[in-house]
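2 protein chains.
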Amino acid sequence: MLLGSIEAGGTKFVCAVGDEDYRVKDRIQYPTTTPAETIQKAIDYFKQFSDLQAISVASFGPIEIRPEAERYGYITDTPKVGWANTNFLGMLKAAFDLPIYWTTDVNGSAYGEYILAREKDPNMSALTYYTIGTGVGAGTVLNGGFVGTLGHPEVGHVRLKRHPDDLDFKGICPYHGDCLEGLVSGPTFEARTGRKGETIPLTDHVWDIMAYYVAQAALQTTLHIRPQKIVFGGGVVSEAFLKKVRHEFAALLNDYQDVGKLDDYITMPLAAHNGSATIGDFALAYREVNQLVNQK
Amino acid sequence: MLLGSIEAGGTKFVCAVGDEDYRVKDRIQYPTTTPAETIQKAIDYFKQFSDLQAISVASFGPIEIRPEAERYGYITDTPKVGWANTNFLGMLKAAFDLPIYWTTDVNGSAYGEYILAREKDPNMSALTYYTIGTGVGAGTVLNGGFVGTLGHPEVGHVRLKRHPDDLDFKGICPYHGDCLEGLVSGPTFEARTGRKGETIPLTDHVWDIMAYYVAQAALQTTLHIRPQKIVFGGGVVSEAFLKKVRHEFAALLNDYQDVGKLDDYITMPLAAHNGSATIGDFALAYREVNQLVNQK
Chain A
75 MLLGSIEAGG TKFVCAVGDE DYRVKDRIQY PTTTPAETIQ KAIDYFKQFS DLQAISVASF
135 GPIEIRPEAE RYGYITDTPK VGWANTNFLG MLKAAFDLPI YWTTDVNGSA YGEYILAREK
195 DPNMSALTYY TIGTGVGAGT VLNGGFVGTL GHPEVGHVRL KRHPDDLDFK GICPYHGDCL
255 EGLVSGPTFE ARTGRKGETI PLTDHVWDIM AYYVAQAALQ TTLHIRPQKI VFGGGVVSEA
315 FLKKVRHEFA ALLNDYQDVG KLDDYITMPL AAHNGSATIG DFALAYREVN QLVNQK
Chain B
75 MLLGSIEAGG TKFVCAVGDE DYRVKDRIQY PTTTPAETIQ KAIDYFKQFS DLQAISVASF
135 GPIEIRPEAE RYGYITDTPK VGWANTNFLG MLKAAFDLPI YWTTDVNGSA YGEYILAREK
195 DPNMSALTYY TIGTGVGAGT VLNGGFVGTL GHPEVGHVRL KRHPDDLDFK GICPYHGDCL
255 EGLVSGPTFE ARTGRKGETI PLTDHVWDIM AYYVAQAALQ TTLHIRPQKI VFGGGVVSEA
315 FLKKVRHEFA ALLNDYQDVG KLDDYITMPL AAHNGSATIG DFALAYREVN QLVNQK
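Just so you know, the protein sequences line up as chains A and B, in that order. Residue 295 in my numbering is what sits at position 221 of the first sequence, and the numbering runs on without skipping anything. Residue 259 in my numbering is what sits at position 185 of the second sequence, and the numbering runs on without skipping anything.
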């Protein structure tokens with residue numbers, strides 16, 4: 075069976091086809107330009123595969139994910155120039171007579187990590203995936219579905235207890251200043267230090283401050299949702315950084331809840347090469363095909 | 075059909091019987107003393123009703139809610155003297171050959187409010203209930219189940235951005251100092267002002283500080299879970315206080331997400347006289363009976 079994945083990012087698109095074992099058969103990536111040009115490239119790509127069975131899209135947002143909503147399938151009011159109010163799903167549906175699943179980038183990644191985690195632990199039923207990169211967001215898989223009823227989560231904009239050594243930093247979120255994204259997204263390194271994050275060694279104190287905030291996000295997820303696993307991806311994240319995050323998390327939780335072994339609870343993605351969303355898309359596309367078969 | 079409810083609080087127990095329309099037929103309440111005495115009183119109460127079909131328990135905690143866990147049905151490591159490691163569900167099961175549902179106090183209340191909200195809006199499928207009283211906690215109903223896989227949520231212990239006029243207050247949580255519960259539970263009034271909360275008029279600035287923190291909790295719930303409604307109960311909460319909370323919430327959210335009309339989104343309980351948990355228990359007990367019937 076041939077399944078399609080679109081990982082639609084604000085910077086680049088990754089389109090891929092794969093099989094029901096989530097193996098990538100072919101893959102392209104290209105920069106995100108205008109909606110018309112960028113989405114047409116995806117359509118042209120998938121048109122090559124006449125035996126394609128379904129497509130799943132993991133898109134940057136905010137997007138409308140409620141099937142009953144008027145603008146279901148749209149990228150809604152994104153600040154990204156030209157992309158607000160784009161009927162992404164509608165353009166795909168006009169081009170393909172196939173089931174197409176539509177969700178957020180982080181939901182796609184969460185689903186991919188959930189699928190991989192289940193291979194190791196069949197009891198896995200609740201997993202949260204965070205991305206800490208240019209932006210910050212999270213998606214949660216719970217009992218096979220996604221958390222988010224009035225719309226998708228926007229965890230990047232919660233407020234946090236400020237680190238005592240970071241009280242003067244105003245944060246960089248244009249909407250909220252010092253929300254999570256305003257405090258820990260990639261561009262905060264330059265805003266704080268004048269240097270890019272990748273040039274700053276992990277021994278620099280700014281990384282302790284970052285870890286304190288990311289640990290609070292993990293604490294919120296733990297205490298609100300109690301998933302079995304929290305996965306961190308995105309350009310800011312490394313295993314060495316997560317060591318710091320676990321340390322701060324343990325101090326914040328103070329043994330109040332049992333989350334099992336911290337090394338298994340707060341982890342890097344299982345998917346190699348940022349492939350979580352592509353695997354998630356294949357699995358969601360496969361699910362669409364099966365649901366269609368079961369309905370018949 | 076006769077259904078039983080135990081609302082097991084750290085201060086008092088409320089036991090009631092009611093019907094499948096969630097009408098209370100009989101009700102007693104008594105102070106929480108030792109586990110043996112307090113639970114036996116509940117058993118003696120329900121023994122009067124020979125036609126009882128099922129019982130549901132909404133208990134203070136922390137409790138073990140995972141059916142596969144060794145201590146399922148226990149109150150686990152509560153600081154309440156004498157109650158740690160109490161096999162609450164086991165004592166009930168030894169006394170009654172009936173289906174017994176077991177969940178947290180706030181989950182019971184959340185379920186009751188969900189049932190009542192569905193009577194007004196059949197599309198209601200995700201609701202969070204907070205209690206702000208002696209302690210602080212929340213439960214979320216999502217698609218008919220409860221959020222919480224590794225255990226139940228413990229929202230009371232998240233961290234918050236501190237109010238600029240409250241930076242010197244250390245918070246009163248013995249585990250975490252200035253977590254949500256440490257900043258807004260009922261006893262914080264005395265810790266901050268030397269006076270009991272009920273004697274402090276809503277015009278006092280301490281209520282603005284409280285509203286800022288409670289609004290952050292509502293913001294976290296919104297951005298992590300995106301329920302359709304957030305209900306606040308507990309001794310600290312009043313409609314006048316929630317007006318302040320909505321005001322702070324709107325400022326924090328800054329129109330980043332659409333949550334509909336705020337007056338319908340952040341609300342007092344629909345159940346009168348703190349009856350949310352009793353209604354939730356009746357509904358959960360009724361569900362247990364139906365599941366048993368369907369299995370046959």
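Think of the CB as a built atom: it goes at the ideal place given N, C-alpha and C, for glycine as much as any other residue.
Any chain B beta carbon closer than 8 Å to residue i
i	result
Pro275/A	no
Asn181/A	no
Thr177/A	no
Pro227/A	yes
Lys235/A	yes
Gln331/A	yes
Gln103/A	no
His321/A	no
Tyr188/A	no
Tyr40/A	One cannot answer for residue 40/A here, as it falls past the ends of chain A, which runs 75 to 370.
Inter-residue spacing [alpha-carbon to alpha-carbon] between residue i and residue j
i	j	result
Glu264/A	Pro227/B	36 Å
Asp242/A	Thr267/A	13 Å
Phe87/A	Pro136/A	16 Å
Thr150/A	Val91/A	27 Å
Trp281/A	Leu344/A	23 Å
Ala158/B	Thr152/B	5 Å
Lys154/B	Arg140/B	22 Å
Tyr287/A	Val319/A	8 Å
Glu138/B	Leu163/B	10 Å
Val305/B	Arg97/B	21 Å
Cys247/A	Gly230/A	10 Å
Phe315/A	Asn161/A	38 Å
Lys335/B	Val221/B	24 Å
Pro196/A	Thr223/B	14 Å
Asp240/B	Leu257/B	10 Å
Glu111/B	Asp332/A	30 Å
Glu142/B	Asn364/B	22 Å
Glu362/B	Leu126/B	13 Å
Gln114/B	Val210/A	51 Å
For residue i, the three-state DSSP class (helix, strand or coil)
i	result
Ile353/B	helix
Tyr104/A	strand
Ala200/B	strand
Val221/B	coil
Ile139/A	coil
Trp157/B	coil
Val319/B	helix
Gly263/B	Reading the sequence as shown, one finds Phe at residue 263/B and not Gly. The answer is helix: DSSP assigns Phe263/B an H, G or I state.
Gln331/A	coil
Lys303/B	strand
Leu76/B	strand
Neighbour flag for residue i against chain A, beta carbons, 8 Å
i	result
His231/B	yes
Ile299/B	yes
Ser259/B	no
Asn328/B	yes
Gln365/B	no
Ala292/B	no
Ala200/B	yes
Lys335/B	no
Leu216/B	yes
Tyr204/B	no
Thr295/B	yes
Thr223/B	yes
Gln114/B	no
Tyr146/B	no
8 Å contact criterion, which residue i and residue j should meet: CB distance rounded
i	j	result
Leu166/A	Ile129/A	7 Å
Gln290/B	Lys235/B	6 Å
Gly245/B	Cys253/B	7 Å
Gly384/A	Phe120/A	What the structure shows of chain A is the stretch from 75 to 370, and residue 384/A is not part of that stretch, so it cannot be assessed.
Tyr175/B	Leu358/B	4 Å
Met225/B	Arg192/A	Note on identity: in this sequence residue 225/B is Gly, with Met being the wrong assignment. About 20 Å separates the two Cβ atoms, so there is no contact after all.
Pro173/B	Leu297/B	Their Cβ separation, rounded to whole angstroms, is 37 Å, which puts Pro173/B and Leu297/B out of contact at 8 Å.
Asp355/A	Ala132/A	6 Å
Heavy atom of the ligand FAD within 7 Å of residue i beta-carbon
i	result
Val333/B	The ligand FAD is absent from the structure shown, which contains no ligand whatsoever.
Residue-level contact to chain E via CB, residue i, 8 Å cutoff
i	result
His250/A	Here chain E cannot be found, since the structure's protein chains are A and B.
* To do: Mind the definition here: the region 195-205 of chain B touches the region 216-225 of chain B only if three or more C-beta pairs lie below 8 Å; say whether that holds.
  => yes
* Below 8 Å, can you find three or more Cβ-Cβ pairs linking the region 173-191 of chain B to the region 97-109 of chain B? -> no
* Is there contact between the region 181-196 of chain A and the region 342-362 of chain A, where contact requires at least three CB pairs shorter than 8 Å? -> yes
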